[in-house]
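S.K.:
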Amino acid sequence: MESLRDKSVVVTGAGDGIGAALARRFAAAGARVAVNDLDAAKAAAVAEEVGGLAVPGDARDVVPDALAALGGTVDVYCANAGVPAPGTEAADEQVWTGAWEVNVMAHVRAAQALLPSWLERGEGRFVSTVSAAGLLTMVGAAPYSVTKHGAYAFAEWLSLTYRHRGVSVHAVCPQGVRTDMLTAAGSAGELVLAPTAIEPEDVADALFAGMAEDRFLILPHPEVAAFYERRAAAPDEWLTSMNHIQQKWEAARLP
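Be aware that the sequence shown starts at 12, since it is given in this note's numbering, and climbs by one per residue.
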């Protein structure tokens, strides 16, 4: 991996959690970091901590402001902002739309804005924080699972389409991470994710290891690879085992 010193990096959703850990790690590597978050105070606090630039606002259209803050160039874009979006197929339309806009379309819009210059230069790096739910699924969270599948599919498409033109793409797919999003997952998160939850810094470590090896798929929880293989090789068996988890969750929620 090329040196990150003086490279321009954008991290969305970086006011805390995984995003803040990524901002700290890129800054420690010598990069100039634009810290984006909906919460302006959080963005400012992390930016001050890492010697970066606060770019508060909605991750869905942050690229113009980030480019202005960084002097017109973005070398690495971390599409990290996401919404948990629990619920079934009956979740409110606004929940589905909000999850789609942030978990998928924010990535698409960032790529639309950045790819022309990356392709002209012959280099650029797109980091998509997806979640293991994008490879597998998550009980109790249909909008989240579906949109994270979309985020993974888009990252995969970017990689296969542009890797020969100098664009590196990484899909980061952790299971439980000790952040506010894990708390927002509620009882399903407690059952499925909390027992093996890791720290945000562990996700940053996994990304940097994956970037050094130029790997597309980054699995901070290595066991996800076996789950993914089982899902592909024996889908009915895998779905039955996931349904058992669903039933266990339902039973635990009964009064």
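Where a beta carbon is used, it is the ideal one built from N, C-alpha and C, also for glycine. These numbers were taken from a predicted model, which means no experiment stands behind them.
DSSP on residue 1, reduced to helix/strand/coil?
M.R.: Since the displayed the chain opens at 12 and closes at 266, residue 1 lies outside it and no answer follows.
S.K.: Cα-Cα, which of 149, 173, 213 and 112 is closest to residue 252?
M.R.: Answer by Cα proximity: 149.
S.K.: Let me check one thing: in DSSP terms, what residues is residue 226 bridge-paired to?
M.R.: Beta-bridge pairing links residue 226 to no other residue.
S.K.: Would you kindly report the start and end of the unbroken beta strand (DSSP E) that includes residue 2?
M.R.: Because the chain spans 12 through 266 in this model, residue 2 falls outside it and cannot be assessed.
S.K.: Examine the Cβ distances between the stretch 101-113 and the stretch 189-209 and report whether three or more of them are shorter than 8 Å.
M.R.: no
S.K.: On the criterion of 16 or more Cβ atoms from any shown chain inside 10 Å, does residue 168 qualify as buried, or is it exposed?
M.R.: Residue 168 should be labelled exposed.
S.K.: How far does the beta strand (DSSP E) with residue 14 in it extend, from its first residue to its last?
M.R.: Run containing residue 14: none; DSSP gives neither H nor E here.
S.K.: Considering Cα atoms alone, identify which of 227, 206, 231 and 208 is closest to residue 216.
M.R.: 231
S.K.: Could you tell me which uninterrupted alpha helix (DSSP H) segments, each at least 4 residues in length, are contained entirely in the stretch 147-230, listed from first to last along the chain?
M.R.: 153-173, 191-195, 197-203 and 211-223
S.K.: With 16 other CB atoms within 10 Å as the buried threshold, where does residue 142 fall?
M.R.: buried
S.K.: Is it buried or exposed for residue 181, if we count other Cβ within 10 angstroms and need 16 for buried?
M.R.: buried
S.K.: Considering only the alpha carbon of each residue, which of 130, 84, 187 and 32 lies closest to residue 17?
M.R.: 84
S.K.: Please return the same chain residues whose Cβ sits closer than 6 Å to the Cβ of residue 37, not counting the five positions on each side in sequence.
M.R.: 20 and 44
S.K.: So, at 8 Å on beta carbons, what are the nonlocal neighbours of residue 259 in its own chain, with the 5 sequence-adjacent residues on each side left out?
M.R.: 202
S.K.: Count the other CB atoms, across all protein chains shown, that sit within 10 Å of the CB of residue 86; report buried if there are 16 or more and exposed otherwise.
M.R.: buried
S.K.: Kindly indicate the opening and closing residues of the alpha helix (DSSP H) around residue 3.
M.R.: With the chain running from 12 to 266 in the structure shown, residue 3 is simply not present.
S.K.: Using DSSP bridges, identify the partner residues of residue 43.
M.R.: 19
S.K.: May I ask which residues mark the beginning and end of the alpha helix (DSSP H) holding residue 55?
M.R.: In the DSSP annotation of this structure, the continuous segment of the alpha helix (DSSP H) that includes residue 55 starts and ends at 51-61.
S.K.: Helix, strand or coil: which one does DSSP assign to residue 87?
M.R.: strand
S.K.: If you compare alpha carbons, which of 164, 140, 220 and 189 is closest to residue 92?
M.R.: 140
S.K.: So, under 8 Å CB-CB, residue 211 and residue 32 are touching, yes? Tell me the CB distance rounded to an integer number of Å.
M.R.: 4 Å
S.K.: Starting from the Cα of residue 74, find the closest Cα among 40, 122 and 114 and give me that residue.
M.R.: Ranking the options by Cα distance to residue 74, first place goes to 122.
S.K.: Around the Cβ of residue 194, are there at least 16 other Cβ atoms within 10 angstroms (buried) or fewer (exposed)?
M.R.: Within a 10 Å sphere around the beta-carbon of residue 194 sit fewer than 16 other beta-carbons, which makes this residue exposed.
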